[in-house]
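Position one of the sequence shown corresponds to residue 1 (full-length UniProt numbering), numbered consecutively onward. To start, the structure under review is shown below, and the notes come after it.
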Amino acid sequence: MAEEATTVAEGPTSTVTGGEDGQAVPRAGGNLLRRRPLGSNQLPKQALLATAQESAVGLAEFVEAALSQGLALADEIQTSFTKKGSKNSVDSYFRQSDGEKWFARSSEHQDNKAKGTADFEEFDFGLRIDHSIHEKDYTPDVYDANKLLDWDAEIQAGGLSEGVGGFSEIKMCIYQMYHHISVLNDRVFNTLVITARYQDGFLVVQIPVDLSTFPDTVLQNSHSKKGRFSGPDGHAKNGKKLVEGQYVSVERVKRLKKETQDSILWEMATSSDAQGSLPLALQEMSIPAVIAKDVQFFLDWADKRRNTA
């Protein structure tokens, strides 16, 4: 097995600084869709983060900015991305943006509860509701999805339960996603996950976060301890070395009304760096195939779930 430096403590350390406390300054008004992780001061106020948040961005402002930017990016996949190819009815795209390379995919599916496809409610359940938990369920290489905190109480108290900017059913939380990587060390991605419905469908936006800026009250629930996986007692991966990576992604599912059979458009775009010893250029060669496989993984999972219900 190739040796890699273990780069996980409790969170990434590559945040660009700008505040007096060494954290990056709040940037809800800027581009949130970057691989650069957000520190606690760049997130909306949350009870468990209170001791680490000397400043914070407004919840409504942040959520609307992230979702609006995500929706705009999804709209650009088939217009400003370069098409790379198509395989198994999944189109692949890429583009360079702000020094980061983005990869995307697009696929169209019959809106139907049938083998090889899924209806809108099944897409919504599997991809928006409990997004990270279900990603672990249908993705073979993901072995743990650990929820660190959520903004449920803050969304309720802030009046966002009714929605903002045309988005509704808003959820925001932070998950640690643990991935098995062949030959190399396993990876952990600490990710802010924002999900919402909108008129035509739903949206999932994921942005990396910097756990090194989080208080111990949050980190005590981390499944990363001293660079190794520390999950539930008896977990087969306990003690495995970890390398921390970052990814930012947007996932959009929407209904397409047609004369004969309605269909569903599923689009996803991501920019990622798994870190470790594998050069980014080599990582990027495999990303289109990896994200394309997720389509069949999900459809197989939806079919299995439907047949065992």
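Quick reminder that beta carbons are idealized off the backbone N, C-alpha and C, glycines included.
Span separating the alpha-carbon of residue 141 from that of residue 259 = Separation of residue 141 and residue 259 (C-alpha to C-alpha, rounded to the nearest whole angstrom) is 39 Å.
Compute the Euclidean distance between the alpha carbons of residue 138 and residue 210, then round it to the nearest angstrom.
-> Looking at the two C-alpha atoms, the distance is approximately 26 Å.
Who are the Cβ neighbours of residue 168 in its own chain at under 8 Å, not counting the five residues just before and after it?
-> Here the set comprises 162, 196, 197, 198.
Quick one, are the C-beta atoms of residue 224 and residue 193 less than 8 Å apart?
-> Not in contact: residue 224 and residue 193 (Cβ atoms no closer than 8 Å).
Please determine, among 73, 101, 250, 65, the residue with the shortest C-alpha to C-alpha distance to residue 166.
-> Cα-wise, what sits closest to residue 166 is 65.
Are the beta-carbon atoms of residue 120 and residue 255 separated by less than 8 Å?
-> The criterion of a C-beta distance shorter than 8 Å is satisfied by residue 120 and residue 255.
Along the alpha helix (DSSP H) that carries residue 287, what are the first and last residues, could you check?
-> Per DSSP, residue 287 belongs to the alpha helix (DSSP H) from 280-308.
Integer Cβ distance of residue 263 from residue 287, believed to fall under 8 Å = About 26 Å separates the beta carbon of residue 263 from that of residue 287, a gap too long to meet the 8 Å contact definition.
Please classify residue 136: is it buried, with 16 or more other beta-carbons within 10 angstroms of its beta-carbon, or exposed?
-> The residue in question, residue 136, is buried, as its Cβ has 16 or more Cβ neighbours within 10 Å.
Opposing strand residues paired with residue 111 [DSSP bridges] | The partner list for residue 111 (beta bridge, DSSP) reads 118.
Where DSSP assigns a beta bridge to residue 95, which residues make up the other side?
-> Residue pairing for residue 95: DSSP places it in a beta bridge opposite 102.
How would you call residue 261, buried or exposed, if buried means at least 16 neighbouring beta carbons within 10 angstroms?
-> If you draw a 10 Å sphere on the C-beta of residue 261, you find fewer than 16 other C-beta atoms in it, and that means exposed.
Just the Cα atoms here: how many angstroms apart are residue 39 and residue 53?
-> Take the alpha-carbon of residue 39 and the one of residue 53: they are about 9 Å apart.
Could you give the residue range of the beta strand (DSSP E) that holds residue 134?
-> That residue, residue 134, is in no beta strand (DSSP E); its alpha helix (DSSP H) goes 131-138.
Residue 204: first and last residue of the uninterrupted alpha helix (DSSP H) it sits in = From DSSP, residue 204 is part of no alpha helix (DSSP H) but of the beta strand (DSSP E) over 201-208.
May I ask you to report which of helix, strand or coil DSSP gives residue 128?
-> Annotated three-state conformation of residue 128 is helix, per DSSP.
N- and C-terminal bounds of the alpha helix (DSSP H) containing residue 70 = Where residue 70 is concerned, the enclosing alpha helix (DSSP H) stretches over 59-80.
Span of the beta strand (DSSP E), counted from its first residue to its last, around residue 233 = Premise fails: residue 233 is in no beta strand (DSSP E) and is neither H nor E.
Quick one: which unbroken alpha helix (DSSP H) runs of 4-plus residues sit fully inside the segment 213-278? Chain order, please.
-> Those alpha helix (DSSP H) runs which fall completely within the segment 213-278 and span 4+ residues are 216-219.
Inspect the CB distances between the segment 170-188 and the segment 122-136 and report whether three or more fall short of 8 Å.
-> With a cut-off of 8 Å, the segment 122-136 and the segment 170-188 count as touching, because enough Cβ pairs lie within range.
Could you check the C-alpha separation between residue 292 and residue 105 for me, to the nearest Å?
-> Rounded to whole angstroms, residue 292 to residue 105 spans 7 Å at the Cα level.
With distances taken between CB atoms, is the gap from residue 266 to residue 109 smaller than 8 Å?
-> Closer than 8 Å, so yes.
Touching or not, the segment 225-237 and the segment 149-159, by the rule of three or more beta carbon pairs under 8 Å?
-> No: fewer than three Cβ pairs fall under 8 Å.
Could you tell me which residues DSSP pairs with residue 30 in its beta bridges?
-> Bridge partners of residue 30 according to DSSP: none are assigned.
By how many angstroms is the C-alpha of residue 31 removed from the C-alpha of residue 305?
-> It is roughly 37 Å from the alpha-carbon of residue 305 to the alpha-carbon of residue 31.
Between residue 46 and residue 149, which are expected to be in contact by the criterion C-beta below 8 Å, what is the C-beta distance as a whole number of angstroms?
-> Taking the Cβ atoms as the reference, residue 46 lies roughly 6 Å from residue 149, within the contact range of under 8 Å.
With DSSP run on the structure shown, which of helix, strand or coil describes residue 156?
-> In the structure shown, residue 156 adopts helical secondary structure according to DSSP, grouped into three states.
Among 309, 35, 298, the one whose alpha carbon lies nearest that of residue 117 | Per the Cα distances, 298.
Give me whichever residues DSSP pairs with residue 168 in a beta bridge.
-> Residue 168 is bridged to 197.
Terminal residues of the continuous beta strand (DSSP E) containing residue 147?
-> According to the DSSP assignment, residue 147 belongs to the beta strand (DSSP E) that extends over 142-150.
So, residue 124 versus residue 202, is the Cβ gap smaller than 8 Å?
-> Residue 124 is a Cβ neighbour of residue 202, given a cutoff of 8 Å.
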